[in-house]
Amino acid sequence: MKNRFLEQWINDYLAERRVRANSLIITVYGDFIAPHGGTVWLGSFIRLVEPLGLNERMVRTSVYRLSQDHWLESEQIGRKSYYSLTASGRRRFEHAYRRIYDTPQDTWNGEWQLVVLPSTLGSPERDTLRKELSWAGYGTVAPGVMGHPSSDTATLTEILQDTGTQDKVVPMQAATLGALATRPLQDLARDCWNLDEIEATYREFSDRMRPVLRSLRATRNLDPEQCFLIQTLTMHEFRRALLHDPQLPVQLMPHDWSGTAARALSRAIYQITWRHAQQHLMAVCETPNGTLPAAAPYYYKRFGGLESESADKELAEN
Numbered sequence: 341m342k343n344r345f346l347e348q349w350i351n352d353y354l355a356e357r358r359v360r361a362n363s364l365i366i367t368v369y370g371d372f373i374a375p376h377g378g379t380v381w382l383g384s385f386i387r388l389v390e391p392l393g394l395n396e397r398m399v400r401t402s403v404y405r406l407s408q409d410h411w412l413e414s415e416q417i418g419r420k421s422y423y424s425l426t427a428s429g430r431r432r433f434e435h436a437y438r439r440i441y442d443t444p445q446d447t448w449n450g451e452w453q454l455v456v457l458p459s460t461l462g463s464p465e466r467d468t469l470r471k472e473l474s475w476a477g478y479g480t481v482a483p484g485v486m487g488h489p490s491s492d493t494a495t496l497t498e499i500l501q502d503t504g505t506q507d508k509v510v511p512m513q514a515a516t517l518g519a520l521a522t523r524p525l526q527d528l529a530r531d532c533w534n535l536d537e538i539e540a541t542y543r544e545f546s547d548r549m550r551p552v553l554r555s556l557r558a559t560r561n562l563d564p565e566q567c568f569l570i571q572t573l574t575m576h577e578f579r580r581a582l583l584h585d586p587q588l589p590v591q592l593m594p595h596d597w598s599g600t601a602a603r604a605l606s607r608a609i610y611q612i613t614w615r616h617a618q619q620h621l622m623a624v625c626e627t628p629n630g631t632l633p634a635a636a637p638y639y640y641k642r643f644g645g646l647e648s649e650s651a652d653k654e655l656a657e658n
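First residue of the sequence shown? That's 341 in my numbering, and the numbers climb one at a time after it.
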């Protein structure tokens, strides 16, 4: 039996929040479909997302647009259309979801990754690179210079290669001299990233989701479809807040950063719902070879580690 409070919460959320179809479909693909191979029959996907307020016309229009933007690609087998993540779409998902599910850095050695954008860089390439760097948490530290306080050169190299700008910009490494927790550094962080607005978004998220967590904890027999919907809307909302968060080292952040509580809340909801949500996913979705394959091992590392791989493998076998 469905939980009445959760049912009403889902209905109210979908009625009150303007949820863009493209964005919500990206959330479902990234959170659910990608770990299971990234391919799904469109008809089953339409059934999966219909309770989220997306009708068939909206889904077909959105997947077409996502295909035009090189997120998805389609294959016709008989009378059925199957949509898969493109290679570039998968990389973009991995960038975004690595930031969502990986544990944020809690130490910092003062290193920075900098990218100097010369005036010779064309506008389309400049705009694309800025967007990709922003998704990875980079901010504008000076005119024509984007940076992030991190020693992660691998992500930067991958972004430059994906955007074809590795030989058109100047990537650099820098190091903070002196103390790593000073007022000027914190002022620089506020100048480069709108931390006040991000913090307010996190607080709003937490206020909205706390009643959901309380209800989930109080419910003895959870409904798989409700768990799928709750997990989807939770991660959709958390992703929207997090993608604007540069995930700076603690030395640069305000005291009692609200993003910490929002992440803990998301993790708690995820831990309660993921098994039931996976059960619903496996029951609804279809691939060219039948049911979805078991989730890839990386899925179970989300939020520091889910309980076990065995449950999902059992779902795939039954």
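Glycine included, each C-beta is placed from N, C-alpha and C at the ideal position.
1) By Cβ distance below 6 Å, which residues in the same chain neighbour SER648 in space, the five residues on each side in sequence not counted?
2) Buried or exposed for GLN408, please, with buried defined as at least 16 other CB atoms from any protein chain shown within 10 angstroms of its CB.
3) Compare the C-alpha of ILE386 against each of SER402, HIS376 and GLY377 and name the closest.
4) To the nearest angstrom, how far is the alpha carbon of TRP597 from that of GLN591?
5) Nearest-angstrom Cα distance between LEU406 and GLY378?
6) Anyone know if the C-beta pair for PRO594 and HIS488 falls short of 9 Å?
7) Assign ALA602 to buried or exposed, taking buried as 16 or more other Cβ atoms, counted over all protein chains shown, within 10 Å of its Cβ.
8) Report all residues from its chain with a CB closer than 7 Å to the CB of TRP448; omit the five preceding and five following residues, and keep chain order.
9) Assuming contact is defined by CB atoms lying nearer than 9 Å, are THR613 and LEU562 in contact in what I supplied?
10) Determine the burial state of ASP442: buried for a count of at least 16 other Cβ atoms within 10 Å of its Cβ, exposed for fewer.
11) Specify the secondary structure class of PHE578 as computed by DSSP and reduced to three states.
12) Near MET341, which residues of its chain fall below 8 Å by C-beta distance, leaving aside the five closest residues on each side in sequence?
13) Alpha carbon to alpha carbon, what distance is there between THR460 and ARG607?
14) If PHE545 sits next to HIS620, beta carbons under 8 Å apart, how far is it from one beta carbon to the other, in whole angstroms?
15) Using DSSP with H/G/I as helix, E/B as strand and the rest coil, what is VAL624?
16) Of the choices ARG400, VAL359 and SER421, whose alpha-carbon is the least far from that of GLY393?
17) Should ASN343 go down as buried or exposed, given a rule of 16 or more other Cβ atoms within 10 Å for buried?
18) Can at least three beta-carbon pairs, one atom from the region 535-542 and one from the region 463-475, be found at a separation below 8 Å?
19) Quick one: what does DSSP say TYR422 is sitting in, helix, strand or coil?
20) Considering only DSSP beta bridges, list what LEU454 is partnered with.
21) Between the Cα of THR380 and those of ALA636, MET622, ARG550 and LEU646, spot the shortest distance and give me the residue it belongs to.
22) If you follow the alpha helix (DSSP H) that GLN408 is in, where does it begin and where does it stop?
23) Output the boundary residues of the alpha helix (DSSP H) element that contains SER428.
24) If you compare alpha carbons, which of ALA355, THR367 and GLN348 is closest to HIS576?
25) By the 10 Å Cβ neighbour count, where 16 or more other Cβ atoms means buried, how is VAL552 classified, buried or exposed?
26) Given this structure, state the Cα-to-Cα distance separating GLY429 from HIS410, to the nearest angstrom.
27) Cα-Cα, which of TYR404, LYS420 and SER363 is closest to LEU413?
28) Using the three-state DSSP reduction, which class does ALA656 fall into: helix, strand or coil?
29) Whole angstroms are fine: how far does the CA of GLY644 sit from the CA of ASP676?
Based on what the coordinates show:
1) Here residue 648 refers to the residue found at position 308 when the sequence shown is read from its first residue. Bear in mind that the predicted position of SER648 carries a pLDDT of just 49, short of 50, making it unreliable; the figure below should be weighed with that in mind. Same-chain partners within the cutoff: there are none.
2) Here residue 408 is taken as the residue at index 68 of the sequence shown, counted from 1. That one is exposed.
3) Locating residue 386 in the sequence shown gives position 46, counting from the first residue. It is SER402.
4) Taking the first residue of the sequence shown as position 1, residue 597 is located at position 257. Taking the first residue of the sequence shown as position 1, residue 591 is located at position 251. Approximately 11 Å between the Cα atoms of the pair.
5) Position 66 of the sequence shown, counted from the first residue, corresponds to residue 406. Position 38 of the sequence shown, counted from the first residue, corresponds to residue 378. Their Cα atoms are separated by approximately 14 Å.
6) Here residue 594 refers to the residue found at position 254 when the sequence shown is read from its first residue. Here residue 488 refers to the residue found at position 148 when the sequence shown is read from its first residue. The answer is no: Cβ separation not under 9 Å.
7) The sequence position of residue 602 within the sequence shown is 262, counting from 1. Burial call: buried.
8) If you number the sequence shown from 1, residue 448 lands on position 108. Hits under 7 Å: PRO489, LEU520, PRO589 and GLN591.
9) Position 273 of the sequence shown, counted from the start, is the residue given in the question as residue 613. Position 222 of the sequence shown, counted from the start, is the residue given in the question as residue 562. Yes, these two residues count as a Cβ contact at 9 Å.
10) Stepping through the sequence shown from its first residue, residue 442 is reached at position 102. The residue in question, ASP442, is exposed, as its Cβ has fewer than 16 Cβ neighbours within 10 Å.
11) Along the sequence shown, one-based indexing puts residue 578 at 238. Looking at PHE578 - three-state DSSP - the assignment turns out to be helix.
12) The sequence position of residue 341 within the sequence shown is 1, counting from 1. Answer for MET341: ASN561 and ASP563, listed in chain order.
13) For the purposes of this step, residue 607 is taken as residue 267 along the sequence shown, with counting starting at 1. For the purposes of this step, residue 460 is taken as residue 120 along the sequence shown, with counting starting at 1. Those two C-alpha atoms are separated by around 44 Å.
14) Here residue 545 corresponds to residue number 205 of the sequence shown, with the count starting at 1. Here residue 620 corresponds to residue number 280 of the sequence shown, with the count starting at 1. Not quite, the Cβ-Cβ distance comes to about 24 Å (not below 8 Å), so this is no contact.
15) As a working mapping, residue 624 is identified with position 284 in the sequence shown. Correct three-state label for VAL624: helix.
16) Walking along the sequence shown from the start, residue 393 turns up at place 53. The shortest Cα separation from GLY393 among ARG400, VAL359 and SER421 belongs to VAL359.
17) Numbered from its first residue, the sequence shown carries residue 343 at position 3. Answer is buried; the Cβ neighbour count reaches 16.
18) no
19) Here residue 422 is taken as the residue at index 82 of the sequence shown, counted from 1. Residue state, collapsed to three classes: strand.
20) Walking along the sequence shown from the start, residue 454 turns up at place 114. BP columns for LEU454 point to GLY487 and MET512.
21) Locating residue 380 in the sequence shown gives position 40, where the first residue counts as 1. Checking the displayed sequence, the identity of residue 380 turns out to be Val instead of Thr. The shortest Cα separation from VAL380 among ALA636, MET622, ARG550 and LEU646 belongs to MET622.
22) As a working mapping, residue 408 is identified with position 68 in the sequence shown. It spans 396-408 - the alpha helix (DSSP H) in which GLN408 sits, taken as one unbroken run.
23) Sequence index remark: in the sequence shown, residue 428 carries index 88 (1-based). Start and end: 427-441.
24) For the purposes of this step, residue 576 is taken as the residue at position 236 of the sequence shown. Of the candidates ALA355, THR367 and GLN348, the one whose C-alpha sits nearest the C-alpha of HIS576 is THR367.
25) The count along the sequence shown starts at 1 and reaches residue 552 at position 212. Counting Cβ neighbours within 10 Å, VAL552 comes out buried, since at least 16 surround it.
26) Along the sequence shown, read from residue 1 onward, the residue named residue 429 stands at position 89. Along the sequence shown, read from residue 1 onward, the residue named residue 410 stands at position 70. One C-alpha to the other measures close to 6 Å.
27) Position 73 of the sequence shown, counted from the start, is the residue given in the question as residue 413. The residue you asked about is not Leu; residue 413 is Glu in the sequence shown. The residue with the shortest Cα to Cα distance from GLU413 is TYR404.
28) Within the sequence shown, numbered from 1, the residue matching residue 656 stands at position 316. Unreliable placement is indicated for ALA656, whose pLDDT of 45 sits below 50; no coordinate value is reported for it.
29) As shown, the chain starts at 341 and ends at 658. That puts residue 676 outside it, with no answer to give.
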